[in-house]
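K.L.:
Under the working numbering, the first residue of the sequence shown carries the number 6, and numbering increases by one thereafter.
Ideal Cβ placement from N, Cα and C applies to all residues, glycine included.
Computed from a predicted model, the values in this text were never measured in an experiment.
First the structure, which I've put down as structure tokens, then a few questions once you've had a look.
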Amino acid sequence: MELEKITESKSSRRRYNDACGAAHALDIVGERWALLVIRELMFGPKRFSDIRASLPGISANVLTQRLEGLETFGVLTRKRLPPPASAWAYELTPWGYQAEPIFQVFGRWGASSPLHDPTLPLSAASILLSFRTMIDANRAEGFSARIGFTIGQEDFVATVADGEISIVREEVRDVAAHFIGRAEALAAAAYGAVPLETLEQDGALRVEGDRALARGFLTLFVLPDKAG
């Protein structure tokens, strides 16, 4: 009986018992790391080990809890990857993918904080979601290209056209320019105006293909002004 009371008490603390849609959303993603787990799945399914590698501060136990909770709410599901991987992975449901605007709004709001530190570690999903968030339609007008990215063990291809950008996780081929390196270096080039030559000399980033077009691509993104 005492154990049941403790369990019930813990469960009730995780729920707001409020009919507001925002309150229910917080019931789903309000636990620490939950939103970042969703972020890491925005470009397709990932194995447990890959999710954890992208979130170095999370423990295996906490990640397991978050994945189970998000699966219970219908945000993600488990699936077996096809050969040659043949391993279990986690993938967002169609409803789960609808959470991307949350990251766009949060990303802009958080980046405008005077205390935001852009030098902290980034995952591949972080920097590429930021590109989908921070692209400036006016700057991108007239820019048309396919750009490849290899960040760690992951490949992505971005297509820029009509002032918009789409990014998918797939093999890099038939691209005009290809960035290879760390997510933090890509952020430094796009948002910190660090020259490509400096990053290449440091071994943090490499550019293949049309370097002029690569430089042009990096100018398409604008961070919001700092608050206050």
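Chain D beta carbons: is any one of them nearer than 8 Å to that of L204?
P.N.:
Annotation note: the requested chain D is absent from the structure, which comprises a single protein chain.
K.L.:
Here's the rule: buried if 16 or more other CB atoms are within 10 angstroms of the residue's CB, otherwise exposed. What is L8?
P.N.:
Model confidence at L8 stands at a pLDDT of 46, short of 50, so the residue's coordinates are unreliable and nothing is read from them.
K.L.:
Could you tell me which residues DSSP pairs with W93 in its beta bridges?
P.N.:
For W93, which the question treats as bridged, DSSP gives the partners R85.
K.L.:
On the DSSP bridge assignment, give the partners of K51 in chain order.
P.N.:
Looking at the DSSP assignment, K51 forms a beta bridge with Y95.
K.L.:
Looking only at its own chain, which residues have a Cβ that is under 8 Å from the Cβ of G112, when we skip the five neighbours before and after it?
P.N.:
The residues are L134, S135, T138 and M139.
K.L.:
Check the DSSP bridge columns for G115 and list the partner residues they point to.
P.N.:
Bridge partners of G115: none, in fact.
K.L.:
In whole angstroms, give me the CA-to-CA distance for L228 and W114.
P.N.:
Distance between the alpha carbons of L228 and W114: 10 Å.
K.L.:
Residues in the same chain with beta-carbon distance under 8 Å from R211, minus the five sequence neighbours each way, listed in chain order, please.
P.N.:
Only F184, I185, G186 and E205 meet the Cβ criterion.
K.L.:
Relative to the alpha-carbon of E146, which residue among I43, I170, L31 and A92 has its alpha-carbon at the smallest distance?
P.N.:
Ranking the options by Cα distance to E146, first place goes to I170.
K.L.:
Could you give the distance in angstroms between the alpha-carbon of A190 and the alpha-carbon of N22?
P.N.:
Those two C-alpha atoms are separated by around 43 Å.
K.L.:
Roughly how many angstroms separate the alpha carbons of T69 and A116, rounded to a whole number?
P.N.:
Distance between the alpha carbons of T69 and A116 is about 29 Å.
K.L.:
Cutting at 7 Å between CB atoms, please list the residues of its own chain near G101, excluding the five before and the five after it.
P.N.:
Answer for G101: I43, V80 and L81, listed in chain order.
K.L.:
Pick out whichever of S149, P126 and F161 has its Cα sitting closest to the Cα of A58.
P.N.:
When each option's Cα is compared against that of A58, the closest is P126.
K.L.:
Just tell me which of G214, E202 and V162 has its CA closest to the CA of A182.
P.N.:
When each option's Cα is compared against that of A182, the closest is G214.
K.L.:
DSSP beta-bridge partners for S171?
P.N.:
According to DSSP, S171 bridges with T164.
K.L.:
What's the gap between the Cα of T224 and the Cα of V162?
P.N.:
Going by the C-alpha atoms only, they are around 18 Å apart.
K.L.:
From the DSSP output, in three-state form, read off E202 for me.
P.N.:
Three-state result, E202: helix.
K.L.:
Where does A27 fall in DSSP's three states?
P.N.:
Correct three-state label for A27: helix.
K.L.:
Ignore the nearest five residues each way along the sequence and tell me which others in K84's own chain have a CB closer than 7 Å to its CB.
P.N.:
Around K84: P50, A94 and E96.
K.L.:
Here's the rule I'm using: 16 or more other beta-carbon atoms within 10 Å means buried, otherwise exposed. How should K10 be labelled?
P.N.:
Low local confidence applies: a pLDDT of 44 at K10 is under 50, so the model's placement there is unreliable, and no value is given.
K.L.:
A129 and M47 - do their beta-carbons sit closer together than 8 Å?
P.N.:
Result no, Cβ atoms of M47 and A129 do not sit closer than 8 Å.
K.L.:
Closest by CA to T98, which one among E76, I107, R20 and T203?
P.N.:
Checked all of E76, I107, R20 and T203; the closest Cα to T98 is E76.
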